[in-house]
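Student: Sequences listed follow chains D and A, in order.
For what it's worth, UniProt numbering labels the leading residue of the first sequence as 1, then goes sequentially.
For what it's worth, UniProt numbering labels the leading residue of the second sequence as 1, then goes sequentially.
Note that CB positions come from ideal geometry on N, CA and C, so glycine has one too.
Note that the coordinates shown come from a computational prediction; the quantities given were computed from them, not determined experimentally.
Take this structure, written in structure tokens, and hold onto it; I'll ask about it next.
There are 2 protein chains.
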Amino acid sequence: MEALTELVESLPDGVVVTDPATLENYRYDWSRDTGAGTPVAVVRAEDAGQVQTAVRWAASYGVPVVPRGAGSGLSGGASAVDGGIVLSLERMRAIEIDADCQVAVVEPGAFNAEVKVASREHGLWYPPDPSSYEICSIGGNVATNAGGLCCVKYGVTTDYVLGLDVVLADGTLVTLGGKRIKDVAGLSLVKLFVGSEGTLGIVTRAILRLVPMPLPAATLVASFASVVAAAEAVVAVRRTLRPSMMELMDRATINAVEDFAPRGLDRSAGALLVVQSDAPGDARTAEIATVEAACEAAGATEIVVTDDPEEGELFVAARRAAFPAVEARGALLLEDVGAAVPLLPDLLAAVAEIAERHDVEIPTVAHAGDGNTHPIIVYTPGDADSERRARAAFDDILQAAIRLGGTITGEHGVGRTKKAALPDQLGADVMVLTRKIKDALDPDGILNPGAVL
Amino acid sequence: MEALTELVESLPDGVVVTDPATLENYRYDWSRDTGAGTPVAVVRAEDAGQVQTAVRWAASYGVPVVPRGAGSGLSGGASAVDGGIVLSLERMRAIEIDADCQVAVVEPGAFNAEVKVASREHGLWYPPDPSSYEICSIGGNVATNAGGLCCVKYGVTTDYVLGLDVVLADGTLVTLGGKRIKDVAGLSLVKLFVGSEGTLGIVTRAILRLVPMPLPAATLVASFASVVAAAEAVVAVRRTLRPSMMELMDRATINAVEDFAPRGLDRSAGALLVVQSDAPGDARTAEIATVEAACEAAGATEIVVTDDPEEGELFVAARRAAFPAVEARGALLLEDVGAAVPLLPDLLAAVAEIAERHDVEIPTVAHAGDGNTHPIIVYTPGDADSERRARAAFDDILQAAIRLGGTITGEHGVGRTKKAALPDQLGADVMVLTRKIKDALDPDGILNPGAVL
């Protein structure tokens with residue numbers, strides 16, 4: 001505890017918090033990872049210098065450091081570690097827009113939505129849009145290489161990160177990249193840190209590429225008798241165009257959303273597709289017509305098209321409400337499995353088979369245009385059998401994705417809840433390679449130990 | 001030489017070549033790097049297994065391995081090393097298109113243009129388009145994270161690499177990524193190998209993302225009194241849109257191109273901008289009108305617009321002819337410096353000042369929409385004073401880019417010709433970090449020694 005006193009005294013008043021009630025609040029992210037430990041302190045850093053101070057202290061005592069943004073992660077990447085510190089970036093929220101360079105210079109605690117708002121004031125847009133964009137931080141987005149609904153056309157977080165300041169495991173602060181768009185000088189270190197889930201360093205600043213504001217989108221909502229039929233429509237559409245959104249909700253999700261906040265969705269549909277086009281001028285109409293034809297060919301039972309952005313947003317909001325709506329039904333285990341787009345029907349069929357086999361409810365939504373699905377496994381908290389069946393289904397879905405040549409995580413990260421399956425996906429040689437890089441950058445293993453590896 | 005006999009005997013007849021005339025042919029890439037050594041053998045591998053065999057042999061004897069694609073690199077990244085082997089991938093050229101997944105599975109020796117042709121047969125497109133696309137290999141494109149003319153709208157090589165097979169320094173073959181679009185399972189290893197210039201591993205297969213064929217482009221060509229005026233127009237355009245091409249040629253380049261193959265370009269212009277829009281439907285006309293207004297506001301002296309793709313291609317071909325045209329005037333030192341787009345006028349002004357100060361001819365072309373410029377320093381071979389002035393100008397331009405917060409290389413790579421300036425751009429701490437990764441993956445330093453680091 002002498003060491004802890006040293007940490008407290010090395011930082012301004014209020015930065016280091018050690019009272020048990022606060023520590024409890026920093027144990028979990030949204031995954032409520034049951035393996036989460038209890039930290040000895042939470043460091044709520046106000047600037048990069050304080051992050052360096054805390055990391056240098058941790059390095060000198062061999063104390064684990066769990067970096068934490070908004071705590072909205074879904075795979076236990078920010079679960080606290082017994083005896084470690086939680087390094088919270090929630091107070092570092094500055095956002096500076098350089099409109100001429102079309103970049104946002106952002107501290108890691110800033111929310112995704114705040115970057116969007118600040119950019120919009122300059123007629124600019126930061127595309128990545130996790131469903132949690134109103135409450136998730138840029139630091140977390142960078143750590144997980146977060147995706148979202150617009151990825152199908154606009155790409156994921158890594159596509160927008162031009163530069164990073166990173167505090168390394170020994171407390172060194174490095175500045176990588178910058179405001180320039182193209183730069184191949186040296187190794188692609190910016191790209192390596194994006195998606196590294198706090199295991200290689202702690203991001204203290206990001207330079208994010210912005211683009212001109214998108215045009216208003218037209219929206220198509222198509223009902224199908226089954227998720228597989230809807231997935232077939234997705235495969236057909238993706239052959240010729242990239243809509244600006246292509247989301248899927250299955251029947252269980254539709255009904256959960258309607259129970260949660262009624263919007264008049266078709267409860268009898270086997271699946272809904274919500275598709276948007278923000279193509280310019282008359283191309284928007286043409287794209288929607290192409291999507292409509294593909295949906296009809298795949299057997300859509302009803303198709304609604306609207307050019308009204310507000311009406312369209314109602315459907316998108318219904319899709320975004322899927323997690324909270326399903327959460328109202330019990331405890332959740334959240335999947336994030338993906339496969340190549342043509343295998344989407346197989347992946348969804350496998351999930352349905354697993355749900356039936358283990359007798360668990362698994363409402364499923366998908367960023368269908370990217371082949372990235374979120375089966376949401378519902379179980380009854382406190383019911384050991386229900387939980388056991390849920391966990392068996394969770395593992396089986398990961399293995400089904402791997403068998404299809406897919407991934408155990410498309411955008412949420414491995415964290416701690418999926419790491420047991422990572423070697424199955426990557427193979428032993430890639431795990432060795434991963435370990436070499438981890439050991440080179442964090443030889444004492446103090447950065448987010450237990451996550452990913 | 002006993003060791004060399006072992007290598008020859010471990011591979012099929014004709015794979016390992018040791019005759020002096022052939023060795024001479026594999027010493028240089030297009031940079032004609034004066035520091036290039038002479039290899040003891042060239043291994044022309046036919047498959048990944050032979051690459052593994054050669055690397056394992058090299059590892060066991062500590063022999064340097066220089067990977068080589070088509071040899072069209074512009075920064076000495078494939079310069080041979082005395083006593084080393086050149087590992088040529090030129091025979092590994094298979095291309096397989098998976099139209100459903102919209103990917104090309106490509107061996108590293110395949111030319112960029114061959115991937116484009118194979119994709120087009122399925123109505124698909126591989127966007128990255130270095131000026132050398134007809135003669136450069138995908139392996140080299142991946143090694144340098146190559147750019148090109150369409151990057152301003154469509155991004156660079158790394159944006160299209162979904163998966164890689166890589167032979168590591170100990171001969172292990174790892175398979176990274178795959179045909180799925182979104183995947184955050186584990187570290188971003190695919191991204192780390194892209195742009196690593198053969199210093200971390202040897203790519204034996206790439207899975208490349210394809211997109212639907214672009215629409216026919218409209219072309220605008222604007223003349224300006226000066227490069228700075230043209231650059232101001234670029235900055236103005238980029239505030240609101242991303243054209244599908246935005247190239248700049250200065251007066252010296254225009255005249256070199258006209259001398260080389262007359263096309264009727266305006267020899268009196270201080271600079272030409274060649275801008276294209278491939279936006280769909282009526283948006284194309286709207287984008288070109290926006291560009292036209294910006295050019296007029298920046299003082300364009302003449303503007304030509306054409307909707308005819310063939311007529312437009314004549315101007316693009318003129319731009320692509322810049323290197324061979326200037327090469328006809330003497331020996332070249334080729335720059336690849338970049339800066340944030342708003343600093344493009346400053347960067348071009350700095351190049352002009354350096355040209356005057358050192359009394360050297362520096363025709364300049366630029367992927368202007370990305371802030372990436374190619375000052376081409378001309379000198380008289382055999383004239384020591386001319387060469388000395390050219391080298392001084394070369395170094396000064398690198399430093400000018402660094403002073404502007406820019407990069408010494410936007411798309412060609414560091415190779416051997418720019419590595420002296422790399423620490424000036426990245427700083428000591430980033431060099432240490434880079435070295436840690438290099439040492440972790442290639443502890444004996446056999447992979448492309450002398451390149452980058």
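If we count Cβ pairs, one from each stretch, closer than 8 Å, do we get three or more for the stretch 250-269 of chain D versus the stretch 201-220 of chain D?
Tutor: Verdict: no, contact absent.
Student: Where does I376(D) land, buried or exposed, given buried means 16+ other C-beta within 10 angstroms?
Tutor: In the first sequence, residue 376(D) corresponds to position 376, counting from 1. Its Cβ being crowded by 16 or more others within 10 Å, I376(D) is buried.
Student: Can you give me the C-alpha to C-alpha distance between V378(A) and V360(A), rounded to a whole angstrom?
Tutor: In the second sequence, the residue the question calls residue 378(A) occupies position 378. In the second sequence, the residue the question calls residue 360(A) occupies position 360. Cα-Cα distance, rounded: 7 Å.
Student: Please confirm if E232(A) has its CB atom under 8 Å from at least one CB of chain D.
Tutor: Translated into the one-based positions of the second sequence, residue 232(A) becomes position 232. For E232(A), the answer is no, since every Cβ of chain D falls outside 8 Å of its Cβ.
Student: List, in chain order, every chain D residue whose beta-carbon is nearer than 8 Å to that of N145(A).
Tutor: Counting from 1 along the second sequence, the entry for residue 145(A) is found at position 145. Simply V184, S188.
Student: Exposed or buried, what is I135(D) when buried is set at 16 or more other beta-carbons lying within 10 Å of its beta-carbon?
Tutor: Reading the first sequence from its first residue, position 135 is the one you call residue 135(D). It counts as exposed.
Student: Less than 8 Å between the C-beta atoms of G413(A) and N372(A), yes or no?
Tutor: Here residue 413(A) corresponds to residue number 413 of the second sequence, with the count starting at 1. Here residue 372(A) corresponds to residue number 372 of the second sequence, with the count starting at 1. Result no, Cβ atoms of G413(A) and N372(A) do not sit closer than 8 Å.
Student: Please list the residues of the stretch 345-375 of chain D that have a C-beta atom closer than 7 Å to any C-beta atom in chain A, keeping them in chain order.
Tutor: Cβ contacts with chain A come from D370, G371, N372.
Student: Buried or exposed: G177(D), going by 16 or more other Cβ atoms within 10 Å of its Cβ?
Tutor: Along the first sequence, read from residue 1 onward, the residue named residue 177(D) stands at position 177. Under this definition G177(D) is a buried residue.
Student: Please report the distance separating the alpha-carbon of A206(D) from that of Q52(A).
Tutor: In the first sequence, residue 206(D) corresponds to position 206, counting from 1. In the second sequence, residue 52(A) corresponds to position 52, counting from 1. Roughly 39 Å separates the two Cα atoms.
Student: Give the single residue among V194(A), G147(A), R388(A), A185(A) whose Cα lies nearest to the Cα of L164(A).
Tutor: Indexing the second sequence from 1 puts residue 164(A) at position 164. Checked all of V194(A), G147(A), R388(A), A185(A); the closest Cα to L164(A) is V194(A).
Student: Have a look at A80(D) and R27(D) and give me their C-alpha separation to the nearest angstrom.
Tutor: The residue labelled residue 80(D) in the question sits at position 80 within the first sequence. The residue labelled residue 27(D) in the question sits at position 27 within the first sequence. Taking the straight line joining both Cα atoms gives about 5 Å.
Student: Excluding sequence positions up to five away, which residues of its chain have a Cβ less than 6 Å from the Cβ of P64(D)?
Tutor: The residue given as residue 64(D) occupies position 64 in the first sequence. Here the set comprises V81, G84, I446, P449.
Student: For residue 460(A), decide whether its Cβ has a neighbour in chain D, counting only Cβ atoms nearer than 8 Å.
Tutor: Any property of residue 460(A) remains undetermined from this structure, which presents chain A solely from 1 to 453.
Student: Please confirm whether G73(D) and L89(D) have their CB atoms less than 8 Å apart.
Tutor: In the first sequence, residue 73(D) corresponds to position 73, counting from 1. In the first sequence, residue 89(D) corresponds to position 89, counting from 1. No.
Student: How should Y160(D) be labelled, buried or exposed, when 16 other C-beta atoms within 10 angstroms of its C-beta is the threshold for buried?
Tutor: As a position in the first sequence, residue 160(D) is number 160, starting the count at 1. It is buried - the Cβ of Y160(D) has at least 16 other Cβ atoms within 10 Å.
Student: State buried or exposed for G382(D), treating a residue as buried only when at least 16 other CB atoms are found within 10 Å of its CB.
Tutor: Translated into positions along the first sequence, residue 382(D) becomes position 382. Exposed, since its Cβ has fewer than 16 Cβ neighbours within 10 Å.
Student: What are the residues that DSSP puts in a beta bridge with F224(A)?
Tutor: Residue mapping note: residue 224(A) aligns to position 224 of the second sequence, counting from 1. For F224(A), which the question treats as bridged, DSSP gives the partners A271(A).
Student: Given that P212(A) touches chain D, what residues does it touch there, using C-beta distances under 7 Å?
Tutor: The residue labelled residue 212(A) in the question sits at position 212 within the second sequence. Going along chain D in sequence order, the residues near P212(A) (Cβ under 7 Å) are T240, L241.
Student: Mind pulling the chain D residues with CB within less than 7 Å of L422(A)?
Tutor: Within the second sequence, residue 422(A) is the residue found at index 422, counting from 1. Going along chain D in sequence order, the residues near L422(A) (Cβ under 7 Å) are A185, G186.
Student: Three or more beta-carbon pairs under 8 Å between the stretch 288-305 of chain D and the stretch 234-245 of chain D, yes or no?
Tutor: As far as the Cβ criterion goes, the stretch 288-305 of chain D touches the stretch 234-245 of chain D, which means the pair count is three or higher.
Student: What's the gap between the Cα of D47(A) and the Cα of M92(A)?
Tutor: Here residue 47(A) refers to the residue found at position 47 when the second sequence is read from its first residue. Here residue 92(A) refers to the residue found at position 92 when the second sequence is read from its first residue. When rounded, the distance between both Cα atoms is 6 Å.
Student: Does the stretch 246-253 of chain A come into contact with the stretch 183-202 of chain A, if we say contact requires no fewer than three beta-carbon pairs (one atom in each stretch) closer than 8 Å?
Tutor: Contact fails: fewer than three Cβ-Cβ distances are below 8 Å.
Student: Is H358(D) helix, strand or coil by DSSP?
Tutor: Mapped onto the first sequence, residue 358(D) falls at position 358. Helix, per DSSP.
Student: Tell me whether W57(A) sits in a helix, a strand or coil according to DSSP, three-state version.
Tutor: Looking up residue 57(A) in the second sequence gives position 57. DSSP places W57(A) in helix when its eight states are reduced to three.
Student: Could you tell me which residues DSSP puts in a beta bridge with I95(A)?
Tutor: The residue labelled residue 95(A) in the question sits at position 95 within the second sequence. In the DSSP output, where bridge partners are listed per residue, I95(A) has V106(A).
Student: For Q276(D) and G299(D), which I take to be in contact (beta-carbon distance under 8 Å), what is that distance rounded to the nearest angstrom?
Tutor: Position 276 of the first sequence holds residue 276(D). Position 299 of the first sequence holds residue 299(D). With a Cβ gap of about 21 Å, Q276(D) and G299(D) do not count as contacting.
Student: The alpha helix (DSSP H) spanning S10(D) covers which residue range?
Tutor: Position 10 of the first sequence, counted from the start, is the residue given in the question as residue 10(D). That run of the alpha helix (DSSP H) goes 2-10.
Student: Looking at the strands, I want to know which residues DSSP matches up with G338(D).
Tutor: Residue numbering aside, residue 338(D) sits at position 338 when the first sequence is read from its first letter. Paired residues: N372(D), T407(D).
Student: Using the beta-carbon count (16 or more within 10 Å), is A428(D) buried or exposed?
Tutor: In the first sequence, residue 428(D) corresponds to position 428, counting from 1. Exposed: under 16 other Cβ atoms inside 10 Å.
Student: Which residue from T18(A), A45(A), R56(A), W30(A) puts its Cα closest to that of T38(A)?
Tutor: Sequence index remark: in the second sequence, residue 38(A) carries index 38 (1-based). For the residues T18(A), A45(A), R56(A), W30(A), the minimum Cα distance to T38(A) belongs to T18(A).
Student: Touching or not, the stretch 170-185 of chain A and the stretch 390-408 of chain A, by the rule of three or more beta carbon pairs under 8 Å?
Tutor: No: fewer than three Cβ pairs fall under 8 Å.
Student: Ignoring anything shorter than 4 residues or poking outside the stretch 151-213 of chain A, list the alpha helix (DSSP H) runs there in chain order.
Tutor: Those alpha helix (DSSP H) runs which fall completely within the stretch 151-213 of chain A and span 4+ residues are 151-154, 189-193.
Student: Cβ of P130(A) within 8 Å of Cβ of N141(A)?
Tutor: As a first step, residue 130(A) is located in the second sequence; it is residue number 130 there, counting from the start. As a first step, residue 141(A) is located in the second sequence; it is residue number 141 there, counting from the start. For P130(A) and N141(A), yes; Cβs fall inside 8 Å.
Student: Of all the alpha helix (DSSP H) runs that stay within the bounds of the stretch 13-92 of chain A, which reach a length of 4 or more residues?
Tutor: For the stretch 13-92 of chain A, whole alpha helix (DSSP H) runs of length 4 or above, ordered along the chain, are 20-25, 48-61.
Student: Residues of chain A with a CB under 8 Å from the CB of K179(D): which are they?
Tutor: On the first sequence, residue 179(D) is found 179 positions in, with the first residue counted as 1. Chain A residues near K179(D): A340, G405.
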